Each structure stands twice: as structure tokens, then as C-alpha cells.
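Our numbering numbers the first residue of the sequence shown as 56 and each following residue consecutively. For glycine and all other residues, C-beta sits at the position ideal for the given N, C-alpha and C. Computed from a predicted structure; not experimentally measured. Everything on this sheet refers to the single structure shown next.
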Amino acid sequence: MSSRDDSFELYDLRVEAILPEGKPVYCGARPGDHFELRGEMLHLPQGQGFSIYSISAVLPLLAAKQRETHLNDWMTSDAEIACPDPNCASRLRIVRLGKRRFSHAETTAVPLPSKDA
């Protein structure tokens with residue numbers, strides 16, 4: 056067994072519904088609606104739903120937002136995603152929370168490449 060450190064860190068994320076006052080919202084979002092991503096697990100508060108169409112708009116960006124990005128990368132600064140319904144004024148804000156440490160061996164069956172490779 057190798058003593059090589061196989062750990063890595065990812066940000067936990069909170070995705071919040073942003074609802075502009077006086078604008079139409081058609082996705083069913085309510086003030087305070089949110090979900091969190093911890094590792095690969097999506098967590099919604101008890102009794103709260105979230106539109107699958109809204110989630111589909113933000114889903115492709117979440118893996119990148121979980122990782123460290125260069126200070127000048129747009130992924131570092133841009134955090135609001137428009138609702139996929141062009142008639143809906145809501146947005147989704149991705150907020151980086153604390154970091155969580157994972158083990159490569161506990162997240163995949165594929166071994167790390169050898170140091171010599």
C-alpha cells in the first residue's frame with residue numbers, strides 16, 4: 056500500500072434563486088429557494104422543490120465552480136446564471152462555501168498514475 060497522499064479539495068457550493076422584485080417568475084422559484092452541492096451530492100432543504108429546467112441551466116458549471124480557478128478566469132468572477140426560460144426574470148447565483156477534502160481512492164476505481172509516468 057502506498058503512503059502517497061491522494062487527497063484533493065473541492066468547494067461546497069450553494070445555488071440561490073435570485074428573484075428581481077416586480078419581474079415575472081415562471082420557474083416556480085420562491086424567495087430563499089436554494090440547494091447545496093457537497094462533493095457530488097445535491098442537497099435541497101426539507102419540503103423545497105427546484106425546477107429541473109433551472110437546475111439544467113446551472114449543472115454544467117458546477118464541477119468547474121467546485122475547483123480552484125485562476126484569479127483572471129471568468130469562472131472565478133461570474134456567478135449568476137439566467138433562467139433558461141427567456142420570459143422568466145429569475146437567476147441562479149452560485150456561491151462558493153468552504154472546501155471539503157476527498158480521497159482519490161474513495162471516489163474512483165481508477166488508480167493514480169505512478170510518479171514515474
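Next item on the list: Enumerate, from N- to C-terminal direction, the unbroken alpha helix (DSSP H) stretches of 4 or more residues contained entirely within the segment 112-144.
Entry: Unbroken alpha helix (DSSP H) runs of no fewer than 4 residues, entirely contained in the segment 112-144, are found at 129-132, following chain order.
Note to self: With DSSP as the reference, identify every bridge partner of I110, one or two as the case may be.
What the structure shows: For the purposes of this step, residue 110 is taken as residue 55 along the sequence shown, with counting starting at 1. I110 pairs with nothing; no bridge assigned.
Note to self: On the DSSP bridge list, what partners appear for E95?
What the structure shows: Here residue 95 refers to the residue found at position 40 of the sequence shown. Within the DSSP secondary-structure output, E95 pairs in no beta bridge.
Check: Is the Cβ-Cβ distance between L68 and L92 less than 8 Å?
Finding: Against the sequence shown, residue 68 aligns to sequence position 13. Against the sequence shown, residue 92 aligns to sequence position 37. Cβ atoms of L68 and L92: closer than 8 Å.
Check: How would you write the range of the beta strand (DSSP E) that A72 sits in, first residue to last?
Finding: Locating residue 72 in the sequence shown gives position 17, where the first residue counts as 1. First-last of the beta strand (DSSP E) with A72: 62-73.
Item checked: For I149 and K120, believed in contact at Cβ under 8 Å, the rounded distance -> In the sequence shown, residue 120 corresponds to position 65, counting from 1. In the sequence shown, residue 149 corresponds to position 94, counting from 1. Beta-carbon to beta-carbon, K120 and I149 are separated by about 5 Å, close enough to satisfy the 8 Å threshold.
Checklist line | Environment of V70 [buried if 16+ CB atoms lie within 10 Å] | finding: The count along the sequence shown starts at 1 and reaches residue 70 at position 15. Looking at its Cβ environment, which holds 16 or more other Cβ atoms inside 10 Å, V70 is buried.
Notebook entry, point to check: Skipping 5 residues on each side, what residues in its chain have a beta carbon closer than 6 Å to that of A134?
Noted result: As a position in the sequence shown, residue 134 is number 79, starting the count at 1. Hits under 6 Å: R148, I149.
Margin query: Am I right that D88 and Q101 are in contact with their C-beta atoms under 8 Å? What's the rounded C-beta distance?
Written below: For the purposes of this step, residue 88 is taken as the residue at position 33 of the sequence shown. For the purposes of this step, residue 101 is taken as the residue at position 46 of the sequence shown. Their Cβ separation, rounded to whole angstroms, is 13 Å, which puts D88 and Q101 out of contact at 8 Å.
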